[in-house]
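In what follows, a single structure is set out as C-alpha cells and then discussed.
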Amino acid sequence: MNLVEYIIEKFDGVVLEDNQWTVDGSKGNRYIVEWDPYQRNYSCNCLGYTYRKKCRHITQISESFRNQLRGRAGDRKAR
Ligand SMILES: [Zn+2]
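Take 2 as the starting number for the sequence shown in the working numbering and just add one per residue.
In C-alpha cells, the structure reads:
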C-alpha cells in the first residue's frame, strides 16, 4: 500500500491533487487539507484553521504521514 492509498483508507477521503486531501469532519462536513511545498505548511479550509492556524484535520494528516514514515524505517531496520 502506498502513502496515498493509506491516507484514503485511513480517512475515507479523496485525493484531489498531489498535495491536497479531503478529510471528513464529525458532522458530515468535508474539509480540504492542502500541503504547501514552498512554505512547508499545511492549510485547511475549516473554521478552526481560519482562527487558530491549526486544526485536527491537519493533525490527522500530518501524524499519519509521520507514523507511516516511521513504520517504513522500522521495517528496514528489522530486516
Ligand atoms: Zn481543518
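Built from N, CA and C at the ideal position, the CB exists for glycine as well.
Keep in mind it's a predicted model, so treat the numbers as computed, not measured.
Tell me whether residue i sits in a helix, a strand or coil according to DSSP, three-state version.
i	result
residue 44	strand
residue 50	helix
Just the Cα atoms here: how many angstroms apart are residue i and residue j?
i	j	result
residue 36	residue 64	13 Å
residue 79	residue 67	Confidence in residue 79 is poor, its pLDDT being 47 and thus under 50, which makes the residue's placement unreliable; the coordinate value appears in the next sentence. If I take the Cα positions, the gap works out to 18 Å.
residue 51	residue 45	8 Å
residue 24	residue 49	14 Å
residue 39	residue 71	24 Å
residue 56	residue 33	12 Å
residue 1	residue 28	Limits of the chain in this structure are 2 at one end and 80 at the other, which puts residue 1 out of reach.
residue 47	residue 22	13 Å
residue 26	residue 58	8 Å
residue 43	residue 54	9 Å
residue 41	residue 30	26 Å
Report the partner residues of residue i according to the DSSP bridge assignment.
i	result
residue 61	Answer is none; residue 61 lacks a bridge partner.
residue 32	24
Determine the contact status of residue i and residue j, defining contact as a CB-CB distance below 8 Å.
i	j	result
residue 61	residue 4	no
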